[in-house]
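Trainee: The structure that follows is given in the form of structure tokens.
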Amino acid sequence: MKFSCIMTTFNDGPIMRQSVMSILNQTHEELELIVVDDGSGAETKAVLSEFNDSRLRIFPQANDGLSSARNRGLHHAKGDYICFLDADDVRSPWALAEVARTIEETDAEMVLVRGVYSGERTTLEAFFDEPQALAFDAEREGAGSADLAVRKAWATSLEPQSANKFIARSVIERGKLRFPNDHFFEDILFHTMAIAHARSIELIDSRSYTYFQRQLHRQTTGSNGTIRFDIIGTARVTLQLFQEHPDFGNARQRGALMLSVLRLLRWCEENIAVYHRFAFRMALRETFRGINPLYFILPENTPDPRDEREDLSRYAREIMV
Amino acid sequence: MIPKSDFEAKTEIPSTVEVAAFGARVQLTTAGDRVESSRRLSELKECHERFLASRVIPKSGLCVDLGAGEGWFTVPFAMAFRDWNVIAFETDSDAFALLQANVKQHGLENVVCINAALHPSLKPVHVQARTSGETELPKSLMKALGQTTPAMFTSLSALAPRVAPVTDAPGNGETLSCSALPVNILAKLAPDLLKLDAPYCEEAIAQALREVPVGFLTGRLYSYVPSKLFHPHEEAGPREFYLPHHDYALRRDYEDNFPTRRPQLDVVVAMYNTREYIAECVDSILADGNPDIRVIVVDDGSTDGCGDLVEKRYAGNERVRLVRKANGGCASARNYGRRCSNASHIAFIDADDRVDEGMFTALLETARYTGAFVTEAEFSFLNVDEETGEETLTPSYEADIYGLPGDCCVGEYDFFWLPGRDIAVGQPTIWRRVHRRDFLDRKNIWFPEHVRAFDDQIFQLMVSHYCGSLAHVKGYAYHYRQHPAQDIKQGDERHFYSFNMFRSLLLRALDEHWADITPLLRSLLNTMGWSYGGLRNDLKIAYQEGAAKFLAIVSKTFGHTFLPHELNATGIDGLEFLVNRHLEKMKDEPVNYGFMRLESWRWQPEFIRMMQAVRMGG
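Taken in sequence, the protein lines are chains A and B.
For any residue, its number in my numbering is found by taking its place in the first sequence, counting from 1, and adding 12.
For any residue, its number in my numbering is found by taking its place in the second sequence, counting from 1, and adding 7.
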């Protein structure tokens with residue numbers, strides 16, 4: 013079982029040492045680590061040159077964006093399964109071994125895992141989507157099992173975080189899956205379509221990665237600049253693609269996607285600079301007018317352990333007025 | 008002694024001129040030639056004073072003033088820079104007498120006057136050279152300075168009383184004998200600062216100083232000198248110069264002297280499986296032997312062994328460098344080559360093409376003298392008959408548009424200035440251009456690497472917008488090889504890259520408030536028409552719908568109205584109707600920049616492929 017771990021970096025500097033090492037030190041050793049250097053400066057290049065491990069492959073490119081870099085990684089990946097890790101995050105030592113065991117037991121095309129959130133305070137928490145993971149477990153236990161449609165609905169409801177999934181390369185091929193070039197908030201598209209194309213999914217209780225909220229490290233999702241507009245483009249294409257897929261008929265999965273999209277949109281709108289808000293809304297309204305209206309019907313059994321359905325529906329209506 | 012050309016000057020008596028330069032004020036007694044006086048003053052104020060104002064020169068050193076006249080440069084300079092020593096050369100005995108008098112009158116003890124010009128035909132002197140930093144000259148050198156000999160010059164009537172050495176100067180035929188010294192005495196003096204006013208002797212002087220550590224050079228070039236001669240040999244150390252020549256100037260600044268930037272041209276050749284052509288390509292760049300032009304061949308993961316061929320063929324050739332990378336497309340190869348380069352100028356050419364001998368020298372020369380951000384050559388289509396192997400070179404369609412010779416020149420090269428917007432529409436021809444690297448860096452112009460077609464068009468459009476105007480050099484052509492089946496002609500999904508390419512430009516236009524986006528929009532419609540025409544039939548619907556929505560969004564973003572005939576000229580069926588339908592739906596919305604942030608699955612090939620995968624039954 014060979015894994016392709018894809019990591020992209022743009023000037024992450026010394027902080028990425030531990031990210032790289034967290035992959036190279038995996039107990040499951042059959043892997044390749046593809047680092048796409050998205051036009052970093054000398055400091056990061058120096059850090060990258062420190063490692064002496066034939067499993068590490070570095071692909072430089074001129075600064076062309078995170079999505080472009082991830083796509084370059086996908087292009088070069090040779091492993092059976094593919095996963096991602098941001099250059100300032102960390103993969104648990106046992107992560108690949110645990111996933112490899114799951115794949116051997118179940119032959120799943122996609123495995124979704126859980127994470128740790130290292131926030132601004134002292135305590136280490138479970139990652140944001142822990143409530144979804146726990147609610148899925150409860151539902152499966154109650155019903156005795158969970159079919160693919162149920163798994164897909166809950167999988168879609170998970171935080172679209174690139175580190176939380178392992179995908180068979182054949183799924184990537186089947187769906188021609190790529191990240192949206194020129195856009196940030198790229199994960200929602202890839203997450204949604206990977207789940208749609210997967211024919212078998214496992215959601216496992218594996219503490220597989222740690223996401224760091226950092227005070228002194230630039231994080232794209234922390235800006236109030238115009239990149240927050242990118243969510244609109246990404247969301248629009250995600251919804252356009254998904255509504256053509258047979259899974260669109262899975263009302264819970266569709267609802268879960270819409271909740272995720274609305275949550276991201278509202279978060280971006282709340283954080284974009286005040287003087288861009290009107291433009292943000294104009295573009296968003298135009299996007300909503302062009303998608304299938306069924307998206308706005310959120311069934312009651314939509315995966316929603318955080319009870320956001322009412323609130324986000326109201327937000328959607330507000331945009332449309 | 009040297010005849011004056013100005014009729015009135017012959018009768019005028021010497022007059023006193025107040026000269027203020029370098030923060031010093033002096034009274035110069037001059038020959039009273041008003042034409043010459045104003046010429047001297049403008050050289051002093053517009054060339055030398057501006058040059059010294061813009062440099063950090065050492066507190067002390069040796070300055071040589073060639074063609075000192077009555078002391079226009081020497082006297083104020085020696086007054087202003089008391090810790091510098093000046094050796095002033097003047098061959099005209101009238102002017103020399105006044106020079107000596109002016110020096111004496113201002114009590115300048117740091118000036119030595121030599122009654123001589125330099126002459127390239129005189130035998131070189133063999134004396135000890137001055138050690139850099141020493142104020143005392145070796146005795147043998149002092150002695151050599153006194154041993155002037157008569158040599159033949161011609162008088163330059165328009166520039167009188169200047170004379171040019173009789174070797175190759177276009178004089179008026181009247182020759183005369185003046186006292187002179189060999190040019191190599193300058194190399195022996197190794198001045199820290201050289202001010203030159205030596206018509207038609209400049210090339211010999213530049214040649215003599217190639218390996219001499221002369222840090223600063225200023226003065227008008229009356230004759231064209233190949234720029235590579237002034238750029239010092241590496242051992243000579245950093246050199247800054249400002250050498251006006253007609254309308255332009257050869258110039259090198261502090262920034263150009265950073266060890267990380269070589270003032271040369273790197274030609275990046277992006278190579279992917281072109282074993283058949285690569286040698287012809289590289290050889291044509293090297294053909295004229297200009298050491299200031301080097302080649303970086305980027306092997307973009309080729310599988311036909313062309314990398315090995317280059318490695319072997321150019322082993323030991325310091326002008327050719329091979330770098331290898333994993334395959335990533337033409338844009339990535341070009342960017343990679345750029346990041347490997349430390350040259351001040353850069354070009355990107357295709358590995359199956361070739362150039363006229365001397366083309367890049369012509370472009371670099373024009374670029375160096377004019378300081379142009381971008382210079383371009385002509386281009387021709389190269390067709391090779393598959394059966395007979397016979398080559399035909401057809402000048403491009405531009406030959407009809409730009410038929411006349413250039414109205415500007417640098418040495419033997421003639422060119423004209425082309426407004427940047429003139430290259431916005433039409434086929435991308437980035438391969439026939441030389442770009443200033445600092446220009447590309449400052450304007451953040453790169454080849455977008457995720458775009459597997461049109462990456463050169465986006466590059467060209469940005470250059471078009473930012474460069475102001477570019478120098479179009481006549482008489483040299485790039486040979487653009489024609490293949491029966493060129494990539495993009497397959498009519499596949501790659502045509503859809505044009506949407507996200509133009510969107511990124513339009514977003515830039517919003518961010519930077521471009522005053523005029525009409526060239527961009529003309530190019531957009533042009534590209535759409537071209538793409539649609541060559542597109543595979545099954546993709547046409549998606550393109551048609553994608554184009555309509557895109558143009559509607561552009562309209563609503565910029566408040567721009569596309570004219571019906573513009574839309575119909577694209578040849579996209581019903582485009583005007585479709586655009587209007589979108590606009591009708593949006594008619595209650597205000598014009599707003601937010602619309603440019605929309606995205607559609609029809610606007611990127613990756614999305615198109617994902618949609619195809621979805622529809623094939625996920």
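The beta-carbon is built from N, C-alpha and C at its ideal position, and this holds for glycine as well.
Taking DSSP as the reference, what is the three-state secondary structure of B:S351?
Mentor: In this structure, B:S351 counts as strand in the three-state DSSP scheme.
Trainee: Considering only C-alpha positions, which residue in the set B:W91, B:L542, B:V317, B:R439 is nearest to B:V480?
Mentor: Considering only alpha carbons, the answer is B:R439.
Trainee: Could you give the DSSP three-state label for B:K594: helix, strand or coil?
Mentor: Coil, per DSSP.
Trainee: How long is the line joining the alpha carbons of B:Y249 and B:K235, rounded to whole angstroms?
Mentor: Cα-Cα distance, rounded: 14 angstroms.
Trainee: Could you tell me the alpha carbon to alpha carbon distance between B:Y231 and B:Q214, rounded to whole angstroms?
Mentor: The straight-line gap from Cα to Cα measures roughly 13 angstroms.
Trainee: Should B:V118 go down as buried or exposed, given a rule of 16 or more other Cβ atoms within 10 Å for buried?
Mentor: B:V118 should be labelled buried.
Trainee: Using a Cβ-Cβ cutoff of less than 7 angstroms, which residues in the same chain neighbour A:L277 once the five nearest sequence positions on both sides are dropped?
Mentor: Closer than 7 angstroms at the Cβ level, and outside the excluded window around A:L277, lie I243, A247, L296.
Trainee: Which class does B:S309 belong to by DSSP, given the choice of helix, strand or coil?
Mentor: In the structure shown, B:S309 sits in coil (DSSP, three-state: anything other than H, G, I, E or B).
Trainee: Please indicate yes or no: does the CB of B:E606 lie closer than 7 angstroms to some heavy atom of the ligand FMN?
Mentor: The ligand FMN is absent from the structure shown, which contains no ligands of any kind.
Trainee: For B:P298, is the classification buried or exposed, using 16 other Cβ atoms within 10 angstroms of its Cβ as the cut-off for buried?
Mentor: Result: exposed.
Trainee: Output the residue ranges of the beta strand (DSSP E) runs that lie fully inside the region 182-233 of chain A and measure 3 residues or longer, sorted by chain position.
Mentor: You should have 213-224.
Trainee: I'd like to know whether the C-beta atoms of B:R331 and B:D306 end up nearer to each other than 8 angstroms.
Mentor: Contact: yes.
Trainee: Am I right that B:F565 and A:E298 are in contact with their C-beta atoms under 8 angstroms? What's the rounded C-beta distance?
Mentor: Incorrect: roughly 15 angstroms between the Cβ atoms, too far for contact.
Trainee: Between A:R190 and the rest of its own chain, which residues show a CB-CB distance below 6 angstroms, the 5 nearest in sequence each way excluded?
Mentor: Hits under 6 angstroms: N83.
Trainee: First and last residue of the alpha helix (DSSP H) that includes A:W166?
Mentor: Where A:W166 is concerned, the enclosing alpha helix (DSSP H) stretches over 160-169.
Trainee: On the DSSP bridge assignment, give the partners of B:R259 in chain order.
Mentor: Answer is B:F248, bridged to B:R259.
Trainee: Cβ of A:R321 within 8 angstroms of Cβ of A:L271?
Mentor: Yes, Cβ-Cβ distance for A:R321 and A:L271 is below 8 angstroms.
Trainee: Answer yes or no: does any C-beta atom of chain A fall closer than 8 angstroms to that of B:L477?
Mentor: B:L477 does not count as touching chain A.
Trainee: On the three-state DSSP scale, how would you describe B:A620?
Mentor: Of the three classes helix, strand and coil, the one that applies to B:A620 here is helix, per DSSP.
Trainee: Provide the residue(s) that pair with B:W424 in DSSP beta bridges, ordered along the chain.
Mentor: Paired residues: B:A478.
Trainee: When DSSP builds the beta bridges, which residues end up paired with B:H486?
Mentor: B:H486 is bridged to B:R361, B:S387.
Trainee: Does the region 141-161 of chain B come within contact of the region 179-189 of chain B, defined as at least 3 CB pairs closer than 8 angstroms?
Mentor: Yes: the two stretches touch, three or more of their Cβ pairs being nearer than 8 angstroms.
Trainee: Compare the beta carbon distance of B:A277 and B:C208 with 8 angstroms and say whether it is the shorter of the two.
Mentor: Cβ atoms of B:A277 and B:C208: not closer than 8 angstroms.
Trainee: Going by other Cβ atoms of all chains shown within 10 Å of its Cβ, with 16 needed for buried, is B:Q489 buried or exposed?
Mentor: That one is exposed.
Trainee: Alpha carbon to alpha carbon, what distance is there between B:V304 and B:R282?
Mentor: Cα to Cα, B:R282 sits roughly 12 angstroms from B:V304.
Trainee: For A:T299, which residues in chain B fall below 8 angstroms Cβ to Cβ?
Mentor: Result: L605.
Trainee: So B:G365 packs on B:D295, CB below 8 angstroms; how close in whole Å?
Mentor: B:G365 to B:D295, Cβ: 4 angstroms. Contact.
Trainee: So is A:S80 in contact with chain B if we call contact Cβ pairs under 8 angstroms?
Mentor: Yes, because at least one Cβ of chain B sits closer than 8 angstroms to the Cβ of A:S80.
Trainee: Unbroken beta strand (DSSP E) runs of length 3 or more, entirely within the region 33-111 of chain A: which are they?
Mentor: Whole beta strand (DSSP E) segments, 3+ residues: 43-50, 68-73, 93-96.
Trainee: So with Cβ pairs under 8 angstroms, would you call B:S339 a contact of chain A?
Mentor: Taking Cβ atoms only, chain A reaches closer than 8 angstroms to B:S339, which makes this a yes.
Trainee: From the DSSP output, in three-state form, read off B:A632 for me.
Mentor: There is no way to answer for residue 632 of chain B, as the model of chain B reaches only from 8 to 625.
Trainee: Taking the alpha-carbon of B:G475 as reference, which of B:W453, B:I430, B:R444 has the nearest alpha-carbon?
Mentor: Per the Cα distances, B:I430.
Trainee: Within the same chain, show all residues whose beta-carbon is closer than 7 angstroms to that of A:V59, passing over the 5 residues directly before and after it, in chain order.
Mentor: If we look at A:V59 and ignore the five residues flanking it on each side, its Cβ neighbours are G25, P26, M28, R29.
Trainee: If we ignore side chains and look at the alpha-carbon of each, how far apart do B:R616 and A:E132 end up?
Mentor: So the two alpha carbons sit approximately 41 angstroms from each other.
Trainee: Name the residues in the region 605-623 of chain B whose C-beta lies less than 8 angstroms from a C-beta of chain A; which are they?
Mentor: The residues in question are L605, E606, S607, W608, Q611, E613, F614, R616, M617, M618, Q619, A620, V621, R622.
Trainee: Per DSSP, what kind of secondary structure is B:I192 in: helix, strand or coil?
Mentor: If DSSP states are grouped into helix, strand and coil, B:I192 belongs with the helices.
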